[in-house]
Amino acid sequence: MSPSSPANRSRDQRFALLAALALCGFLLIVAGLMRLQIGQHDYYQRLAQENRVRPEVLRAPRGAIFDRTGLLLADNYPSFNIVFRPTPAESAQRMPVTSGWLARVGQLVEGDTTRLKTLVAVANASGQTAVLRRGSPFAVAAAVEESRSDLPGVEVMIEPIRHYPHGELASHLLGYAGEIGDQELEERADQGYRPGDLVGRTGVERSYEEVLRGRDGAEFVVVNAWGRRVATLREGPPLKPVPGHDLVLTLDLRVQQAMEEVMAGVDRGAAVAVDPRDGGILAMVSRPAFDPNEFARGLSVDRWNELAQGGSNPLLNRAIQGAYPPGSTFKIVTMLAALRAGVATPATRLKPCSGSYAFGGRVFGCWKREGHGSLDFVEAIQHSCDVYFYQIGTRLGLPRLEATAHAFGLGDRTGVDLPQERKGLVPGEAWYQRRWGSHMRKGLLLNLAIGQGELLVTPLQLALLAAEVSRDGRPLRAHVVQAVRGVDDFRPGRPSQPGVDADETAWEALHRGLELVVSAGTGTAARVPGLAVAGKTGTAQNPHGKDHALFVCYAPVEKPTLAMAFVIENSGHGGSVAAPLAGAVLRRVFGADSLARPPVVQAPDTSKVIRGD
Amino acid sequence: MAIAALGLLVIGLLMVFSATTVPGAHQGLWVRQLLWLGFALCAAWVAAAIHYRAYESLAYPLYLLSLVLLAAVLVVGTSAMGAKRWLDLGPLRFQPSEIAKIATVFVLARRFDAPRLDLTRLRHWLVPLLITSIPFALVAKEPDLGTSLAFPVILIAMYYWAGMPLGQLALGLSPMLNVLLFFLTGSLWWFGALFVGLVAAVRPKLSSLLVVLALNGAVAYTMPHLWEHLHDYQKRRIQTFLNPGQDPYGAGYQLIQSKIAVGSGGFVGKGFLRGTQKALAFLPMRHTDFIYSVVGEELGFLGALTVVILYAIVVLRGFRLALAARNGFASLMTVGLVSALFYHIMVNILMTIGWAPVTGLPLPLISYGGTALLVNCVQLGLLQNVALRRQEY
């Protein structure tokens, strides 16, 4: 800096100019303030009191959910809320809350006047709208609308609530969407959720929340002191609501309905149907079920506790959150592992079954006390002979059995697009080390070979196992959503498991064995005339009461279009309890018309507006 | 000055308290503001304690760092209302443009503190212009027009304080005048006439003249294109400012509500915590950009005037400090910081009373916003720093 330079003005002069400029600026502000606050005070005072401009939320409709044929599974339904909107405290026309007013409003909303009084007082103090009655019948809403001029401040507000036309049907898969809670509101504050918003809680509603949910818009309305809308203001482009995307599921309502009917008598259990061609879930039932409409409307605390803490927990989606020992259904894995490893061929005959097998100083029984006699591999799976599979287990060893199980995706999440899926468990050497601090004893291997022991699978994993077997081990990605309308590049994920490599004779033997299970083995209850069904029964011992009954199957064997798994808790034998259920579904699905048609992606167009509005 | 600043901080806290005690999404944010204030005061103390020579030597690294951060915002920044201004650092979100302002002031002060500075020479004035242009362009790209304009304000004030003759300053500013006249008249002829007059009066060196001419040419060429590239909301804001009646409820909503709030406050206001526009949530962004509306509504003309007087004290004392400081760097830094502060105050307050476009600039020391508060306090700490050592050369 060179203050002495002759070309420069002195610093004092420069300071004077800067200071003068700043002063001018501040004087400008003061002038502006005087004009607004003194000169035009009356004008703005009046504007503040009388002319009210308020932003009003335009709710974006949540996307609807359809099955693969375009049938509706979930949409929105208008709910009439009676609300009280306060006027500014200093407004000359502020409604005095008289006893007459209270009595009339109380009569309309069927609430007691003391509660009303508090609600109104709070609303007046905070300036926030108070909901006097949620979900009132149309007649009440109409009555309120009619008497609005007598009841300033009281209005009908239409809010969408979620509607599930089929009630309990596929409730676990669909999940439910309800009004956002205080805690969730705080957690999701940065995502723009507001009180009164719907949010997906479980199932597809939860996992596709971002897609289903639209973006609310807003408009500005001028209201007079009586709360009447004088004009709608021009809204800017960013304020238009953007509706949520509709979902088209892989679910087939026909299959789902068949499965629901068949499962209706089951206390606890789950069933899943998968399309072996693409891994799409055709049906999913978990018992006991719940009615998602109840949640959408809002649940009382008592009812919630009843549902959440009741003994059999209807909110649990057993199809993906229930982990069960697979029992003899796991023999599919054992057989394939043995054929792959070459420790046996389909024609191998081992020591004949005498009803029990002695190993390592212990006796391991076969489910058939009198014994099966001499069997080859195919016959062994047909009759589910435990003694044969014990011997296979000892020859196979744990690592190879474990590897095949993992290759089918057991012990890992399938990656299905539903929340909170369980992994199940396929114990390996490392697991036993961690768990027991020692090597696995060989005796445990015998149990694993017949699907007992520490093994745990979900019904979905079992259905996927059946589906993958039906297509000779090529892996599948289980998924529920087939298409998102308006999102062209939506694709289900890729399978996370590698799939199973085995030569053709192995697959052929397995298919033959599983077909024999249904035609002349343990699973004859699932037989359907004219349809080639392959299946495997399972009966899983468990410490809590009766055995779990299991059954997996796929059909038609030559060109499979349906793979299913059933797990019925504490009900008895797979062959006598689970297999008949599968048979009933198969008869319903394949009896009428064939499933062997291409999946429908395009569902009929339905408008985005709130239906019933 | 320190006392005036503290007074502003207290008023700010009270107003944020008032604006955020209304039930709603922002309820209770004043507690966070209080925590930030404590933090900010510590930072101010640190900024004052370190000798300004340290800032002088750190000027360039700091400047480069701020450029990197600004670029980072454009790439990975978090957007709010269609503009990327924030960097997310875990729990912290901050606007690098705030740091860039201070860093630019440091660099300019250092350059202008050169022994044989002659601002009529091309090299001496063009480099500072480039130095300022980079952060200006990056911030404008975010897009944050309001904040970006603080950079030219800083540059002009420091040019002037560093001894640039007024006539030449006007000539240097001619590209900006060009823009302004374009907007006001819609043609470039007026500017052409003005430019010829200026050149005749100042008689610049040929090299300078050529550069200024080139800049003007560039501006004249790009202006019509630039207008096309402004975001819709920016255009609407400018148009709304020019003619609020044109769209009173769309873009003009904020302006009108703010004016209603301030105007209805009257001479003594509605009383602390008793603002009705605020309570009914008519006031948009009431705890940040439009906090002065809450002041005007609740504390009336008297309160609003008090705030203005306090600001005036801070700004005028700031300029006097620049005069008193003997060290060239310190003096220049002071002018840069104070002029940035002044710019923010003017733009924000004039916006709330409807005399400037809605820009989304916070009101220094009063608005809610942790990092803004922190940076403002650091700025004041730096001024205090100079004040403590004003006798040093």
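Chains A and B supply the protein sequences, listed in that same order. Per our numbering, the very first residue in the first sequence carries number 39; after that it's consecutive. Per our numbering, the very first residue in the second sequence carries number 961; after that it's consecutive. We put the CB at the ideal spot given by N, CA and C, even for glycine.
Query, Result
"Compare the C-beta of F1302 of chain B with all C-beta atoms of chain A and state if any pair is closer than 8 Å.", "yes"
"When burial is assigned at 16 or more other CB atoms within 10 Å of the CB, is W996 of chain B buried or exposed?", "buried"
"What in chain B is Cβ-close to V194 of chain A, meaning under 9 Å?", "Within 9 Å Cβ-Cβ: nothing; V194 of chain A doesn't reach chain B, min ~21 Å."
"Look at the Cβ atom of P198 of chain A, then the Cβ atom of N114 of chain A, and state whether they are nearer than 8 Å.", "yes"
"With 16 other CB atoms within 10 Å as the buried threshold, where does D1249 of chain B fall?", "buried"
"Following the continuous beta strand (DSSP E) through S392 of chain A, name the residue where it begins and the one where it ends.", "Neither: S392 of chain A is in no beta strand (DSSP E) and is coded neither H nor E."
"To the nearest angstrom, how far is the alpha carbon of P1317 of chain B from that of C62 of chain A?", "19 Å"
"What are the residues that DSSP puts in a beta bridge with M602 of chain A?", "A:A311 and A:C591"
"Using DSSP with H/G/I as helix, E/B as strand and the rest coil, what is G576 of chain A?", "strand"
"What are the boundary residues of the beta strand (DSSP E) that includes A321 of chain A?", "I319 to R325"
"Could you check what DSSP says for V304 of chain A in three-state terms: helix, strand or coil?", "coil"
"Verify the CB distance criterion: does S1224 of chain B have a CB-CB separation below 8 Å to chain A?", "yes"
"So, for E1352 of chain B: in the same chain, excluding its five sequence neighbours on each side, which residues have a beta-carbon less than 7 Å away from its beta-carbon?", "R1286 and N1287"
"With a threshold of 8 Å, are at least 3 pairs of Cβ atoms found where one atom belongs to the region 419-432 of chain A and the other to the region 201-218 of chain A?", "no"
"Is there a Cβ of chain A sitting closer than 8 Å to that of I971 of chain B, yes or no?", "no"
"Counting contacts by CB-CB distance shorter than 8 Å, is Q993 of chain B in contact with chain A?", "no"
"Can you pull the DSSP bridge partners for P1056 of chain B?", "The partner list for P1056 of chain B (beta bridge, DSSP) is empty, contrary to what the question assumes."
"Residues in the same chain with beta-carbon distance under 7 Å from S245 of chain A, minus the five sequence neighbours each way, listed in chain order, please.", "D455, L456 and P457"
"With a threshold of 6 Å on Cβ separation, who are the neighbours of Y1271 of chain B within its own chain once the five nearest residues in sequence on each side are excluded?", "I1305"
"Measuring CA to CA, which of A:S476, A:G491 and A:D340 is closest to L664 of chain A?", "In the structure as shown, chain A starts at 39 and stops at 651, and residue 664 of chain A therefore has no counterpart that could be examined."
"Give me the chain B residues within the contact set of G610 of chain A, using Cβ-Cβ distance strictly less than 8 Å, ordered along the chain.", "Within 8 Å Cβ-Cβ: nothing; G610 of chain A doesn't reach chain B, min ~56 Å."
"Mapping DSSP to helix, strand and coil, what is N1287 of chain B?", "coil"
"My guess is that I1309 of chain B and I67 of chain A are in contact by the Cβ rule of under 8 Å, so how many angstroms apart are they, rounded?", "5 Å"
"Along the chain, where does the beta strand (DSSP E) that runs through A521 of chain A open and close?", "V519 to V522"
"Would you say V68 of chain A faces chain B, with C-beta separation under 8 Å as the test?", "yes"
"In the DSSP output, what is S117 of chain A paired with across the bridge?", "A:E197"
"Do you know how far the Cα of M975 of chain B is from the Cα of F1232 of chain B?", "8 Å"
"Quick check on E459 of chain A: buried or exposed, where buried means 16 or more other Cβ atoms within 10 Å of its Cβ?", "buried"
"May I ask you to verify whether the region 375-395 of chain A touches the region 594-613 of chain A, counting CB pairs closer than 8 Å and requiring at least 3?", "no"
"Flag G349 of chain A as yes if its beta-carbon sits less than 8 Å from any beta-carbon of chain B, otherwise no.", "no"
"A1272 of chain B versus chain A: which residues are under 8 Å apart at the beta carbon?", "A60, L61 and F64"
"Please list, in chain order, the chain A residues whose beta carbon lies closer than 7 Å to that of W1121 of chain B.", "R52"
"Measuring alpha carbon to alpha carbon, tell me which residue in A:A161, A:L140, A:G612 and A:L287 is nearest R523 of chain A.", "A:L287"
"Per DSSP, what are the beta-bridge partners of Y362 of chain A in this structure?", "A:V495"
"CB-CB under 8 Å to A179 of chain A, same chain, minus the five flanking residues each way: which ones, in chain order?", "F118, I120 and V194"
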